[in-house]
Amino acid sequence: MTPDISVVLPCFRAEPLARRSVQELRELFRAHPAGSWEVVVVDDGGGDFGADWDGEAAVRVVRLPANRGKGAAVAAGMAAARGRARVYTDVDLPYDPALILVCAEYILRRGFHLVVGDRTLPSSSYRQELGWARRAASGLASTFIGRLVTGGFFDTQCGLKALRGDVADRIFPLLKIDRFAFDVELIYVSLIHRLDLKRIPVRLRQNGTSSVRVLRDCARAAADVLRIKYHQLRGEYTSRALHQMVEREFRAVCHEVPARPVLFDAADSSGPAAAPAAEPSLRPSWA
7 MTPDISVVLP CFRAEPLARR SVQELRELFR AHPAGSWEVV VVDDGGGDFG
57 ADWDGEAAVR VVRLPANRGK GAAVAAGMAA ARGRARVYTD VDLPYDPALI
107 LVCAEYILRR GFHLVVGDRT LPSSSYRQEL GWARRAASGL ASTFIGRLVT
157 GGFFDTQCGL KALRGDVADR IFPLLKIDRF AFDVELIYVS LIHRLDLKRI
207 PVRLRQNGTS SVRVLRDCAR AAADVLRIKY HQLRGEYTSR ALHQMVEREF
257 RAVCHEVPAR PVLFDAADSS GPAAAPAAEP SLRPSWA
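Okay, here's the thing in structure tokens:
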């Protein structure tokens, strides 16, 4: 059967934490029924998950033979997931779990292809004590990526994202980055294919599993950004399936619009109403 919601939890040597988070998700879905659900826990080569995880129909474990990084773990979880809406977040559920239901609502009821948490939105609550080096590195990375890679989309790294199931099946096989910059690559590929993307504010509860090392990971992220450019120049992010999907959905909407759409109120003799202000473009600068 195809569940309505899949939640993918990548982790490395965090079996007790994964067990607690799965129980919290069970309670969430019982308290707020939003359709059928499943949880896919991905063991990224830690080897600490016992056989007792294999007995639950709604909870599955995907075991990777070696540690490959969060990007590879999320990709493996998305490939194993079956949900019509597929959400991934960190194994410690750092953001309010109710936001998983919000993501599913935007995908299942409102038709978005991709929903991403954005810590820079005014309604976000993101209080985390960071050292000066971490703050400086984060600010520089966000500015660099936002201006030069993702065309104005500044928060690519928030650990809460959701995709429509058929979109996940098409987009994850295109991705090449296994570690921290995989979120940048996901947003970039989504933008160049003009997917419908919704940003939502997030509320941070905790951040207990961060394994970021400022100098090491900044260097790796910079190298991965260059790799994204390399793959783009080689045409490796081209997807006829994604292009056709977007085109088909656009045409379907066009068929639902009246042949002569009303552009102004007939009772208003002053003429057509002013067009709404366009949203800022999120086209990537490399597209």
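Going by the working numbering, the letters in the sequence shown line up with residues 7 to 293, in that order.
Every residue, glycine too, gets a C-beta built ideally from N, C-alpha and C.
Can you give me the C-alpha to C-alpha distance between residue i and residue j, rounded to a whole angstrom?
i	j	result
Pro103	Pro264	40 angstroms
Arg36	Pro100	20 angstroms
Ala57	Arg185	27 angstroms
Ala294	Glu253	Outside the displayed range of the chain (7 to 293) lies residue 294, so it cannot be described from this structure.
His38	Ala110	12 angstroms
Leu232	Val122	23 angstroms
Arg240	Glu30	44 angstroms
Lys182	Arg246	18 angstroms
Ala40	Tyr112	12 angstroms
Met7	Ser131	37 angstroms
Gln163	Ile193	10 angstroms
Leu248	Arg257	14 angstroms
Leu114	Arg90	7 angstroms
Asp124	Val93	15 angstroms
Gly75	His261	44 angstroms
Arg226	Val259	42 angstroms
Glu255	Val190	25 angstroms
Pro290	Gln250	At Pro290 the pLDDT is 46, less than 50, meaning the model places this residue with poor confidence; the figure from the coordinates comes in the next sentence. Rounded to whole angstroms, Pro290 to Gln250 spans 20 angstroms at the Cα level.
Gln238	Ile198	10 angstroms
Asn73	Phe18	8 angstroms
Arg25	Leu34	14 angstroms
Pro179	Arg205	23 angstroms
Val80	Arg116	24 angstroms
Leu120	Arg32	24 angstroms
Can you list, in chain order, the residues of its chain whose CB lies under 8 angstroms from that of residue i, leaving out five sequence neighbours each side?
i	result
Val28	Leu15, Val45, Val47, Val65
Ser129	Pro207
Glu242	Leu180, Lys182
Arg200	Val252
Pro71	Gly51
Ala272	At Ala272, the pLDDT of 46 sits below 50, so the modelled position is not reliable; the number obtained from the coordinates is stated separately. Taken in chain order, the list of residues that qualify is empty.
Quick one, are the C-beta atoms of residue i and residue j less than 8 angstroms apart?
i	j	result
Trp59	Ile11	no
Arg52	Phe188	Sequence check: residue 52 is Gly here, not Arg. No.
Asp161	Thr126	yes
Phe118	Asp202	yes
Pro207	Arg88	no
Leu210	Asp98	no
Ile106	Val13	yes
How about residue i: is its Cβ closer than 7 angstroms to a heavy atom in the ligand MG?
i	result
Arg226	Absence of the ligand MG from the depicted structure is noted, as is the absence of any ligand whatsoever, leaving it without description.
Using C-beta distances below 7 angstroms, list every residue in its chain close to residue i, excluding the 5 sequence neighbours before and after it, in chain order.
i	result
Phe55	Glu21, Asp49, Val67, Arg69
Thr244	none
Gln212	Asp98, Pro100
Val108	Ile206
If you measure from the beta carbon of residue i to each beta carbon in chain B, is any gap under 8 angstroms?
i	result
Leu105	Protein chain content of the structure displayed is limited to a single chain, and chain B is not contained in it.
For residue i, collect the residues of the same chain with a Cβ closer than 6 angstroms to its Cβ; drop the 5 residues on either side in sequence, then sort them by chain order.
i	result
Gly277	A caution first: Gly277 carries a pLDDT of 43, below 50, which makes its placement in the model too unreliable to give a value.
Should the segment 49–63 be regarded as contacting the segment 167–174, the criterion being three or more beta carbon pairs within less than 8 angstroms? no
Given 8 angstroms as the limit, is there contact between the segment 174–183 and the segment 84–99, that is, 3 or more CB pairs closer than that? yes
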